[in-house]
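Residue numbers (our numbering), protein chains in the order written: chain Y, -15 to 96; chain P, 236 to 349.
From the three backbone atoms N, C-alpha and C, an ideal C-beta is built for every residue, glycine too.
Fair warning: this is a prediction, and the values are worked out from it, not measured in the lab.
Worksheet: one structure, shown below.
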């Protein structure tokens, strides 16, 4: 049963440190999404890629966040420097175009 | 402007009674509509989707939704709630134009009373 995997599942770091979250999409999917979920803001779409090219990153704070797809099997979301307000659960999802999205289990980030 | 509105942030029903979670959208384009469910500490999972075929869509776990273009609604229903249905539910609209736009509703938390 193919699944989206995310690493790490949990991350605790101190303010100012760099954080890298990784996602392995389902093989064959051409679109990868990054979301952030907090109690206050709910679920926010940060960015998404099609065929490894960024299509929409308007939801992502550009000054400290960056998202890339080095190859078709890996998507990364990086925060540098991290701040306490970045504490959230970050979800990756993959799919074919903007049809059904298959979500990973999430990375719970805590920035102290 | 395109938008998705989930009319209730929290719905509480008794086990065995019907469930209704409401979703309205506004769009200039023909949308695709989805309902996702999120159980505690889990990722989202697709319940069902509408993509311009039958207006009544059946999903997993006994859920269904009806697309009503005249009302711009896509409400989620289930005839009889089960304790395992307690979760957060998201209505999602995908708008196909020159650049596809994905819009999530704010979510409805469903509680089930024994």
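Interface flag for residue 65(Y) against chain P is unset, since no Cβ pair is found closer than 8 Å.
Judged by DSSP in its simplified three-state form, residue 69(Y) adopts helix. Chain-ordered, the chain Y residues with CB closer than 9 Å to the CB of residue 337(P) read 17, 29, 32, 40, 82 and 85. Under the DSSP assignment, residue 293(P) falls in the beta strand (DSSP E) whose first and last residues are 291 to 293. Checking the DSSP bridge columns, you'll see residue -8(Y) has no partner listed.
Residues of chain Y whose Cβ lies closer than 9 Å to the Cβ of residue 277(P) are, in chain order, 87, 89 and 90. In the three-state DSSP reduction, residue 320(P) falls in the helix class (H, G or I). Annotation for residue 336(P): the continuous beta strand (DSSP E) segment containing it runs 336 to 339. The C-beta distance from residue 279(P) to residue 294(P) rounds to 13 Å, too long to fall under 8 Å, and the pair is not in contact. The beta-carbon distance between residue 308(P) and residue 259(P), rounded to whole angstroms, is 5 Å. This is short enough to meet the 8 Å contact definition.
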